[in-house]
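In the working numbering, the protein residues as written are 175 to 556.
We treat Cβ as the ideally placed atom computed from N, Cα and C, and that holds for glycine.
Fair warning: this is a prediction, and the values are worked out from it, not measured in the lab.
Shown next, in structure tokens, is the structure this report addresses.
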Ligand code: PMP
Ligand code: GLN
């Protein structure tokens, strides 16, 4: 008899990002779907990694991350958020932000625990919770600006609530958490045993002069949080799959127990290169204005299409509504536009457990100007 798997994730198919990128390749469409830049990353950073490889940094690096990288991350955090993070015990370098979130959840969850997740939300959260035997408690963000209804959070909290996952700047909506949101969160979790998993992979990609409300600004929240970051998203090298997690030393011990028998240690030359690169703050302080120009350029071009564009305060993404000109489902329209017009997008319904259809598509504007122009030329024909 051959063995059979009783699926731990029976409802899960292939992630929409892979589905739409495969379709984009099949139809040779302009890909404004999956979130990755099509412009070059920093040549200086490539040179630093090249030098690191030539200097012999090609073997396993410490399982918690190359120490000089952890040190420079800690210094950057102190400068930006006035938080003191111990690079030895409170930072672990991971193969990307998704892995950091998964590892944090795996370290804390037990069967029967509940985790509050906002929808629409990044598609790894729910399976990450379910694979650990815990239950996602889904709270809708309020359409059309996708803010959090904190009273709904208050109603959902109960003794089984183990964690709340937050994400700002937000994928897929481009909304951000404000200081008022953080105050509400502080109020809700004080005197509880609730953990926060904060997905901050778009940390510096925030626009209109707004300030990123990192958990790292709030010592009381930080004391109960796993804060997850991605070098790939920030430095235009998503394929590097490198990020890091911050948590108190006590919890980081548990995080590292899971990490050491999974990935163990991450790409060494890239960590060496990043440890030099991050010493120069212009490499991250100018990212917001760089991406904001792309957002503005794209939104301006999109005025010539039928889509009603939303605003994006951060991330790579902006939403476009189409209910006034088509009643097709988001998925059907996304597929038709890829096939018939040659532009791939992401249906926002993919960011809900039970498909919801507000007739909005997600566009990634983290692209060369010529790519955005080419896409919009095609979208104008709809
Ligand atoms: N969280 C969100 C909200 C994201 O959009 C992404 C992008 N993939 C990630 C986490 C993970 O980033 P990484 O590629 O570093 O795993
Ligand atoms: N975060 C990216 C997005 O939202 C894609 C990541 C992935 O492909 N898993 O498009």
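Could you check the C-alpha separation between residue i and residue j for me, to the nearest Å?
i: residue 260; j: residue 294; result: 34 Å
i: residue 357; j: residue 277; result: 27 Å
i: residue 350; j: residue 402; result: 16 Å
i: residue 178; j: residue 188; result: 20 Å
i: residue 175; j: residue 183; result: 23 Å
i: residue 502; j: residue 392; result: 44 Å
i: residue 495; j: residue 479; result: 11 Å
i: residue 344; j: residue 528; result: 19 Å
i: residue 159; j: residue 389; result: Limits of the chain in this structure are 175 at one end and 556 at the other, which puts residue 159 out of reach.
From which residue to which residue does the beta strand (DSSP E) around residue i run?
i: residue 536; result: 534-538
i: residue 373; result: 369-373
i: residue 268; result: 265-268
i: residue 460; result: Residue 460 -> no beta strand (DSSP E), and no H or E assigned at all.
i: residue 365; result: First-last for residue 365: undefined, no H or E at that position.
i: residue 336; result: 335-341
i: residue 389; result: Counting along the chain, residue 389 falls outside any beta strand (DSSP E), and DSSP gives it neither H nor E.
Starting from residue i and walking both ways along the alpha helix (DSSP H), at which residues does that stretch end?
i: residue 286; result: From DSSP, residue 286 is part of no alpha helix (DSSP H); its letter is neither H nor E.
i: residue 408; result: 405-408
i: residue 255; result: 241-255
i: residue 427; result: 423-434
i: residue 448; result: 442-451
i: residue 559; result: Residue 559 falls outside the range modelled here, since the chain spans only 175 to 556, and no answer is possible.
Is the beta carbon of residue j closer than 9 Å to that of residue i?
i: residue 404; j: residue 488; result: no
i: residue 367; j: residue 223; result: no
i: residue 250; j: residue 458; result: yes
i: residue 566; j: residue 328; result: The structure shown has nothing for residue 566, since the chain only spans 175 to 556.
i: residue 204; j: residue 524; result: no
i: residue 240; j: residue 445; result: yes
i: residue 318; j: residue 326; result: no
i: residue 359; j: residue 338; result: yes
i: residue 289; j: residue 336; result: yes
i: residue 194; j: residue 397; result: no
i: residue 332; j: residue 292; result: no
Go through its chain and collect everything with a Cβ distance to residue i's Cβ below 6 Å, but skip five positions before and after it.
i: residue 191; result: 208
i: residue 414; result: 406 and 444
Quick one: residues in its chain with C-beta nearer than 7 Å to the C-beta of residue i, no 5 flanking neighbours on either side, listed in chain order?
i: residue 432; result: 277, 280 and 281
* Pairing CB atoms from the region 371-388 with CB atoms from the region 450-469, are three or more of them under 8 Å? -> They touch, by the three-pair rule.
* To do: Could you tell me whether the region 484-501 touches the region 535-542, where touching means 3 or more Cβ pairs closer than 8 Å?
  => Result yes; three or more Cβ-Cβ pairs closer than 8 Å.
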